[in-house]
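> In terms of full-length UniProt numbering, the sequence shown opens at residue 1 and continues consecutively. Cβ atoms here follow ideal geometry from the backbone N, Cα and C, with glycine treated the same way.
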Amino acid sequence: MPHDPHAPATAADDARPLDERAYAAFDEGRLSEASTLFARLLQLQPETAHYHYMRGLAHKYLLDWPTSLRHNLNALTQGDPKEDEPDEAALWNAGIAATALGDWARARELWNRCGIQVPAGQGPIEADFGVASIRLNPWSDGETLFARRIDVVRARLLNVPLPESGYRYGDIVLHDGASTGERTYGNQRVPVLNALARLEPSQFRTYVVFVHCDGPEDIEALRAMSRPGIADVEDWSASIVNYCMRCSYGAAHAHREDDAEPAWDPERSLGIAAQGRSAVDQLLRDWAGNGAGRRIDSVSAPEHAPPPPQDGHVWWRGPDDDSGDPN
Numbered sequence: 001m002p003h004d005p006h007a008p009a010t011a012a013d014d015a016r017p018l019d020e021r022a023y024a025a026f027d028e029g030r031l032s033e034a035s036t037l038f039a040r041l042l043q044l045q046p047e048t049a050h051y052h053y054m055r056g057l058a059h060k061y062l063l064d065w066p067t068s069l070r071h072n073l074n075a076l077t078q079g080d081p082k083e084d085e086p087d088e089a090a091l092w093n094a095g096i097a098a099t100a101l102g103d104w105a106r107a108r109e110l111w112n113r114c115g116i117q118v119p120a121g122q123g124p125i126e127a128d129f130g131v132a133s134i135r136l137n138p139w140s141d142g143e144t145l146f147a148r149r150i151d152v153v154r155a156r157l158l159n160v161p162l163p164e165s166g167y168r169y170g171d172i173v174l175h176d177g178a179s180t181g182e183r184t185y186g187n188q189r190v191p192v193l194n195a196l197a198r199l200e201p202s203q204f205r206t207y208v209v210f211v212h213c214d215g216p217e218d219i220e221a222l223r224a225m226s227r228p229g230i231a232d233v234e235d236w237s238a239s240i241v242n243y244c245m246r247c248s249y250g251a252a253h254a255h256r257e258d259d260a261e262p263a264w265d266p267e268r269s270l271g272i273a274a275q276g277r278s279a280v281d282q283l284l285r286d287w288a289g290n291g292a293g294r295r296i297d298s299v300s301a302p303e304h305a306p307p308p309p310q311d312g313h314v315w316w317r318g319p320d321d322d323s324g325d326p327n
């Protein structure tokens, strides 16, 4: 039916330009502006479920968990009661926010509504949801490592992160539910999931250690040594790879291979997760004293805070994500 230019304006008419601006702001990563615009839309149409959902989604990426939870729950309440199934995206985002807030009863309820079986109880969910690759600070350098998922959206880090990440071995992190790619872990492919926050800090600090040794057997000897207060020794010289963007997200493509085996570099950069400096010093002294050509060059324990998200950066979407789905 043609629009009558003389008809009185409706809430839908008033909302149309705001709607376009709100979605454009979100799509460009201007989350604070998007939140403000969706709030204005909700003043005009307070029962519109998808505006509650979008405001909740913006606050999820702003890491504002109370607001995200409130609006995702509103989206579920305002949804069409004739629908057979609730909005799964709103359920997931409400579950993430409830988990971030430690609202375990609500989190359990939401995961059960998603069809995910979680252990009953009153406190944090403790289970085994397998291994995932976790991208730390996805709005920044995007270092990825492996983690054991102990919850639907909580995982314990299994590698020693670079100190610049602000994370530590053994941290329990909150991660998103949507995969942005895949990585190989052993003989299986595991999802790449964006870390959203550190929920529980580890007792282990990260020590940056530079050593000299003649061959890989020296590093294997160090990694095999067990000492009180030492959680893990990682040879960053071997394990850290600067991936191209497509490699980082696990997207299929090919690189030109170099057939030559890289020569052993005796100057090694290590990450050691330990409870204290004395444990690290004792480990390294024992290692250096039991093999020829082993030398300790330096030990330090720099501390960094995780970099905060920057407005205007759409960090939650993978390079091949052109579906237009904002979740």
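Using the C-alpha atoms, what's the distance from Pro216 back to Leu31?
When rounded, the distance between both Cα atoms is 48 Å.
> Using alpha carbons as the reference points, say which of Tyr51, Leu44, Trp236 lies closest to Ala22.
Among Tyr51, Leu44, Trp236, the Cα nearest to that of Ala22 belongs to Tyr51.
> Can you tell me the Cβ-Cβ gap for Tyr207 and Ala97, rounded? I've got them flagged as a contact below 8 Å.
Incorrect: roughly 35 Å between the Cβ atoms, too far for contact.
> Along the chain, where does the alpha helix (DSSP H) that runs through Ile125 open and close?
Segment: none, Ile125 is in no alpha helix (DSSP H) and carries neither H nor E.
> Opposite Ser269 in the DSSP bridges: which residues?
Bridge partners of Ser269: Phe210.
> Check the Cβ-Cβ distances between Pro138 and every residue of chain D, and say whether any is below 8 Å.
The structure shown contains no chain D, having only a single protein chain.
> Which same chain residues end up closer than 7 Å to Asp218 when comparing Cβ atoms and leaving out the 5 residues on each side of it in sequence?
The answer, listed in chain order, is Gly291, Arg294.
> Could you compute how far the alpha carbon of Tyr249 sits from the alpha carbon of Glu267?
Bear in mind that a pLDDT of 42 at Tyr249, under 50, signals an unreliable position, so the model cannot answer this.
> With a cut-off of 8 Å, do at least 3 Cβ pairs link the region 172–180 to the region 148–158?
Cβ pair count under 8 Å is three or more, so yes.
> Since Leu63 and Ala197 are thought to touch, with beta carbons under 8 Å apart, how far apart are those beta carbons, to the nearest angstrom?
Contact flag correct, Cβ pair sits at about 6 Å.
> My assumption, with CB atoms under 8 Å, is that Ile272 sits in contact with Ile240. Please give the rounded CB distance.
Not confirmed; about 15 Å, so no contact.
> Closer than 7 Å by C-beta to His255: which residues in its own chain qualify, once you throw out the five before and the five after it? Chain order, please.
Summary for His255: the model assigns pLDDT 48, below 50, so the residue's position carries little reliability; its value from the coordinates is reported in the next sentence. Once the five neighbours on either side are set aside, His255 has no close Cβ partner at all.
> Can you check the region 162–195 for any beta strand (DSSP E) of at least 3 residues that lies completely inside it and give the ranges in chain order?
172–185, all fully within the region 162–195.
> In whole angstroms, what separates the C-alpha of Phe210 from that of Arg135?
Rounded to the nearest angstrom, the two C-alpha atoms are 25 Å apart.
> What residue does the beta strand (DSSP E) around Ser300 start on, and which one ends it?
It spans 295–300 - the beta strand (DSSP E) in which Ser300 sits, taken as one unbroken run.
> For the putative contact between Tyr169 and Ser202, defined by C-beta atoms under 8 Å, what is the C-beta separation to the nearest angstrom?
The Cβ separation is near 6 Å, so the contact holds.
> Whole angstroms is fine: what's the gap from Leu73's alpha carbon to Gly95's?
Whole-angstrom Cα-Cα distance: 10 Å.
> With distances taken from CA atoms, which of Gln45, Leu44, Glu20 is nearest Glu33?
When only C-alpha atoms are compared, the closest one is Glu20.
> Expressed to the nearest angstrom, what Euclidean distance is found between the alpha-carbon atoms of Trp92 and Gln188?
Answer to the nearest angstrom: the Cα atoms are 25 Å apart.
> Near Arg205, which residues of its chain fall below 6 Å by C-beta distance, leaving aside the five closest residues on each side in sequence?
Excluding residues within five positions, the ones whose Cβ falls inside 6 Å are Ala301.
> Arg70 by DSSP, collapsed to three states: which one?
Looking at Arg70 - three-state DSSP - the assignment turns out to be helix.
> Alpha carbon to alpha carbon, how far is Val299 from Tyr243? Give it in angstroms, no decimals.
With a pLDDT of 44 at Tyr243, under the threshold of 50, the modelled position of that residue is not reliable, and no figure is offered here.
> For Ser133, name the three-state secondary structure that DSSP assigns.
Correct three-state label for Ser133: strand.
> Can you check DSSP and say which residues form a bridge with Phe146?
Paired residue(s): Ser133.
> Have a look at Pro306, Cys114, Leu270 and flag the residue whose alpha-carbon is nearest the alpha-carbon of Ala195.
Per the Cα distances, Pro306.
> Ends of the alpha helix (DSSP H) at Ile116?
Where Ile116 is concerned, there is no enclosing alpha helix (DSSP H), given that its DSSP letter is neither H nor E.
> Are there 16 or more other CB atoms within 10 angstroms of the CB of Asp87, so buried, or fewer, so exposed?
By the 10 Å Cβ count, Asp87 comes out buried.
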